[in-house]
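Residue numbers (the working numbering), protein chains in the order written: chain A, 141 to 293; chain B, 141 to 293; chain C, 141 to 293; chain D, 141 to 293; chain E, 141 to 293; chain F, 141 to 293; chain G, 141 to 293; chain H, 141 to 293.
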């Protein structure tokens with residue numbers, strides 16, 4: 141009915157397998173979605189501060205500078221997003237993903253979480269604040285297809 | 141004077157006769173309006189959760205999952221809307237339509253209600269929060285035409 | 141830990157049996173809660189406009205005047221509330237209660253719904269926007285006790 | 141200069157050793173602080189849903205119900221807080237703490253993080269959004285004393 | 141049910157006859173209301189700028205300084221108010237009263253207008269944004285009594 | 141530097157002489173401005189309610205209906221505007237223009253007032269809340285040119 | 141008319157002569173004002189980070205830590221304030237005072253500036269965003285007296 | 141991934157050397173950035189009020205008029221911006237730049253400061269509220285490149 145392009149922010153772990161499958165799935169389904177995400181090149185992300193603003197030897201402040209530069213990107217894109225998808229994996233602690241979920245929730249943005257069932261108990265507060273909890277990238281695509289077109293797979 | 145496209149969200153009962161007449165009327169009048177609405181395929185709407193996120197046997201949680209997925213759509217589109225038209229019929233209780241009206245009112249969105257006079261007393265709080273109460277789809281089109289072009293029918 | 145008094149708004153049907161049981165239960169439990177509610181004297185509520193602002197013969201405008209005066213009360217108290225409890229019964233359509241729920245949700249207020257299971261499907265959107273769905277007034281008191289004191293019954 | 145009581149919300153791990161030391165330290169220092177926190181009785185917190193709203197056998201929905209009830213408490217108290225202190229330990233993943241930090245940051249609340257240096261890299265985004273990162277409960281008390289009274293230890 | 145004190149801001153013409161009758165009526169009725177208002181001493185109000193900040197010979201800037209100082213009072217009190225009552229009389233143009241009504245409406249504050257029927261057409265936009273239009277000070281008191289206590293006169 | 145189109149809302153008296161001169165002046169100057177305004181056809185504006193929603197014999201409610209329909213237009217366009225220009229003339233009381241100014245100011249929109257010096261004292265509160273007070277339509281064009289291009293006439 | 145205590149935040153230079161005269165003047169005048177301010181002990185303020193959170197040798201990060209701790213105080217108190225008074229002197233650059241003024245203005249708080257006429261041109265943007273510009277501490281007291289009591293000196 | 145154009149507002153000193161280098165650098169890097177800035181023609185900026193609204197002989201009010209007109213531009217563009225870059229030099233006091241930083245911070249906009257190390261102590265509060273502090277125009281370009289494309293130089 142409408143030509144609206146949906147802005148979807150993909151928060152979460154920097155190994156982008158799942159992220160790529162969501163993007164590929166949405167493209168294959170022909171959905172009018174514009175994805176954005178944090179920088180997923182792990183090395184670049186870690187050097188975001190010193191690589192742009194100059195050297196810093198203390199690890200805490202290196203991270204602080206980098207996180208500041210990354211936050212310009214992430215918080216701007218979250219504020220722009222219609223939907224925020226937050227992926228949690230087993231490998232990293234991903235406190236930043238949970239932070240993004242809280243940030244999005246406080247702004248009234250719909251959140252979709254994506255994780256295995258074994259993380260359910262640990263993620264119960266985040267899942268509660270979300271509108272949907274998916275187990276696979278395909279399910280996220282199915283949710284987006286339904287939300288945008290009204291069609292079930 | 142301006143080429144502005146008006147975003148109009150059509151909340152309310154899933155039998156889309158009235159909705160279609162509003163859309164057809166606006167098109168016939170050549171109004172620059174982009175309509176959006178909840179998913180009006182009743183069966184798809186009821187399966188929105190299990191059809192995308194996987195099976196669930198308990199009816200309460202089936203509905204809960206479905207309502208979450210539908211809310212991604214409806215709350216995003218209401219936040220985007222310039223005007224929210226809320227239709228009430230005799231057939232369903234349509235608490236979701238009243239919920240949408242309250243949600244829109246709290247966001248400062250103009251609301252137009254559409255219903256028969258026999259529902260007036262029951263809908264008095266919702267009508268009060270609205271900027272206009274229409275009886276027919278044609279009247280809604282007339283309101284949109286006037287609001288956008290300044291012309292009366 | 142804190143002497144905080146919690147503001148709880150009790151929206152919903154004007155037969156106040158359940159409302160009274162919530163208030164009595166909270167008092168019995170010694171909870172620091174200050175309850176507020178719409179005017180529950182049905183006749184007064186219906187005459188709120190003409191009883192204060194002068195006569196009006198047209199039923200639609202009588203209701204409109206009354207609903208305006210009532211909205212001064214309800215919207216002020218909802219904005220003040222920490223928690224909004226919304227009761228749904230079988231007797232009335234209670235679109236105003238669903239409107240209150242939508243209004244509260246858009247303001248980021250936690251909502252607790254209270255209704256029988258037979259209304260679950262019809263209320264799924266409202267329940268989804270709520271933090272808890274209770275079946276009895278006692279359960280609402282239990283939720284308030286836990287939220288305020290951290291104690292389960 | 142002012143008799144203002146500061147509202148401080150203590151988010152984070154449910155073993156309350158550090159929390160108690162913050163509260164004791166503030167009391168000892170005679171600071172006008174009113175602390176609040178999530179329910180720190182782990183068992184009660186896990187049963188918050190089923191203990192108030194009735195049985196539920198599916199673990200995901202048990203957690204969902206419980207997290208909803210807990211969110212009534214936590215989100216209300218975070219909205220009320222002047223300062224949000226978020227503790228991270230080594231034992232749990234504490235995604236809820238990171239969620240709280242994101243929620244508080246989006247609301248413009250000052251955040252103080254409290255954790256060991258070995259978590260610095262993993263917590264860099266959360267620390268960046270905070271106004272201060274402390275290593276010990278005593279340092280949090282020192283920050284509160286300075287913020288409220290202008291005195292250094 | 142609640143001991144809440146209602147904050148009522150009385151905007152409008154500086155001849156305070158009606159304002160005094162509202163205050164007297166509320167006191168007589170024993171309502172828990174705290175009234176505030178712009179400075180109603182016309183001479184002082186006109187000199188608010190030069191009387192505090194120093195001389196200014198140009199009339200436009202005299203008024204500008206005075207209006208700035210008065211705005212500190214009025215905008216603070218309107219932001220604090222639960223209800224804004226706006227009186228219009230025949231004597232002055234009272235654009236400031238209409239400005240206050242628009243300011244309050246944009247903040248989501250309930251507005252009550254008070255004026256004779258002969259001003260109805262000229263005030264239709266302001267009345268539309270109000271929750272109630274009263275003709276007499278007594279009606280305003282009746283509205284406040286009902287809103288606060290649920291009792292009709 | 142930027143191709144930004146500025147949205148300018150022209151509030152105020154329905155005789156559109158000044159409004160037309162502002163629009164013509166901006167066009168002549170080649171400014172990237174999109175103007176919007178209330179409906180300036182006085183008769184249509186007065187019939188906005190009954191002409192769209194059906195007959196109403198009571199003058200107060202006729203106006204009420206019309207003002208509701210007009211508010212859908214005006215409040216939407218003010219929320220969209222970058223700058224709100226408010227014209228005051230000698231002929232009407234134009235409480236709606238002052239209302240618009242208050243509404244815009246509370247939303248943080250820059251306001252430009254346009255009126256003769258003889259209205260200065262009566263409009264001092266409105267002028268104070270404005271960023272500029274112009275005497276002629278040409279001055280408004282000059283302000284817009286400078287604001288958009290940085291060039292003085 | 142009301143027993144309201146006004147919250148006044150005194151931003152600006154750390155030599156507190158003017159600040160003390162404002163506080164003394166308000167007390168002498170018996171005004172119901174509660175003052176707050178940044179920490180005015182310059183040495184403590186500079187050590188606010190390292191004195192609470194531990195040593196740091198790099199001057200930039202020392203300042204960064206200190207400014208973070210100070211911001212917990214200042215931003216909380218500005219959010220709480222009814223009026224923000226910003227003093228500018230000749231001695232320091234006081235970018236923090238101008239920052240506070242911008243922060244307060246964006247939140248819709250009334251600002252009063254206090255400085256000598258020789259700084260007028262350099263401070264024109266800040267003064268424009270203020271409701272009043274005073275030259276002396278006594279004038280600030282006069283503004284507060286008028287705003288609160290309606291009396292000119 | 142996205143075709144998003146980033147809006148960057150360049151606040152600060154009117155000698156536009158650094159500003160031009162940022163714009164040239166971003167263009168050379170092919171970044172999708174739309175820059176905006178205050179009027180950097182110092183003479184025009186000083187005459188912004190009298191050059192558009194008519195003569196004024198008192199210097200304070202000349203500046204006041206000019207600052208009002210300039211504020212229409214600057215506050216609109218800051219509200220539109222994704223990122224606000226604030227440059228500080230040695231030559232002017234640039235209280236307006238610090239004001240812009242405070243205004244942007246209160247709106248939740250990411251701020252990047254740009255200044256020499258010798259100003260670090262004086263600017264510590266502003267730097268603390270910023271997400272990044274750069275020393276050169278090239279570093280600002282590097283930050284923008286990374287934020288937008290994820291690439292380090």
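The beta carbon of each residue, even a glycine, is placed where N, CA and C say it ideally should be.
Item                                                                                                             : Value
Beta-bridge pairing of residue 253/D - partner residues as DSSP gives them                                       : 226/D, 273/D
Backbone CA spacing between residue 218/F and residue 266/F [nearest angstrom]                                   : 16 Å
Of the listed residues 273/C, 239/C, 252/C, 287/C, nearest to residue 211/C (C-alpha basis)                      : 239/C
Counterpart residues of residue 150/E in DSSP-defined beta bridges                                               : 225/E
CA-to-CA distance, residue 171/H to residue 249/H, given in whole angstroms                                      : 20 Å
Inter-residue spacing [alpha-carbon to alpha-carbon] between residue 268/A and residue 263/F                     : 52 Å
Under 7 Å between C-beta atoms of residue 192/B and residue 283/A                                                : yes
Rounded C-alpha distance that separates residue 221/G from residue 189/H                                         : 31 Å
Boundaries of the beta strand (DSSP E) in which residue 174/A is found, first to last residue                    : 173 to 176
Cβ neighbours of residue 141/B in the same chain (closer than 8 Å, five flanking residues each side left out)    : Residue placement at residue 141/B cannot be trusted, given a pLDDT of 45 that sits under 50; what the coordinates show is reported in the next sentence. Around residue 141/B: no qualifying Cβ.
First through last residue of the alpha helix (DSSP H) which encompasses residue 261/A                           : Segment: none, residue 261/A is in no alpha helix (DSSP H) and carries neither H nor E.
8 Å contact criterion, which residue 206/B and residue 181/B should meet: CB distance rounded                    : Actually they do not touch by this definition, with Cβ atoms about 12 Å apart.
DSSP three-state assignment for residue 233/F, whether helix, strand or coil                                     : coil
Residues of the segment 230 to 242 of chain E whose Cβ lies closer than 7 Å to any Cβ of chain H, in chain order : none
Contact list for residue 208/G against chain H, beta-carbon separation under 7 Å                                 : 268
Where residue 243/G falls: helix, strand or coil (DSSP)                                                          : helix
The segment 208 to 227 of chain C: positions lying closer than 9 Å to chain D by Cβ                              : 222, 223
Chain-ordered chain D contacts of residue 181/G [CB-CB under 7 Å]                                                : 290
For residue 203/H, the first and last residue of its enclosing alpha helix (DSSP H)                              : 199 to 220
Residue 238/C - DSSP class collapsed to helix/strand/coil                                                        : helix
Interface residues of chain B facing residue 263/C [CB-CB closer than 7 Å]                                       : 235
Residue-level contact to chain A via CB, residue 255/D, 7 Å cutoff                                               : no
Any chain G beta carbon closer than 7 Å to residue 272/D                                                         : yes
Residue 163/H, DSSP secondary structure in three states                                                          : helix
Cβ-based burial, residue 157/E [other Cβ within 10 Å; buried from 16]                                            : exposed
CA nearest to the CA of residue 153/B, picked from 230/B, 257/B, 281/B                                           : 230/B
Burial state of residue 163/B, where buried means 16 or more other Cβ atoms lie within 10 Å                      : buried
Min CB distance residue 125/F to chain B below 7 Å                                                               : No information on residue 125/F is available, as it lies outside the stretch 141 to 293 that chain F covers here.
C-alpha gap between residue 288/D and residue 169/D, whole angstroms                                             : 11 Å
Residue 175/B: contacting residues in chain C (beta-carbon distance under 8 Å)                                   : Result: empty, since nearest Cβ-Cβ is about 20 Å, beyond 8 Å.
Residue span of the alpha helix (DSSP H) that contains residue 292/C, given as start and end                     : Unbroken run through residue 292/C: none, as it is neither H nor E.
Among 255/B, 201/B, 209/B, nearest to residue 278/B - alpha-carbon criterion                                     : 255/B
Boundaries of the alpha helix (DSSP H) in which residue 92/F is found, first to last residue                     : With chain F running from 141 to 293 in the structure shown, residue 92/F is simply not present.
Alpha-carbon to alpha-carbon, residue 178/E and residue 147/E                                                    : 14 Å
C-beta atoms of residue 226/C and residue 241/C nearer than 7 Å                                                  : yes
Where residue 188/A meets chain H, residues with beta-carbon distance less than 7 Å                              : 286
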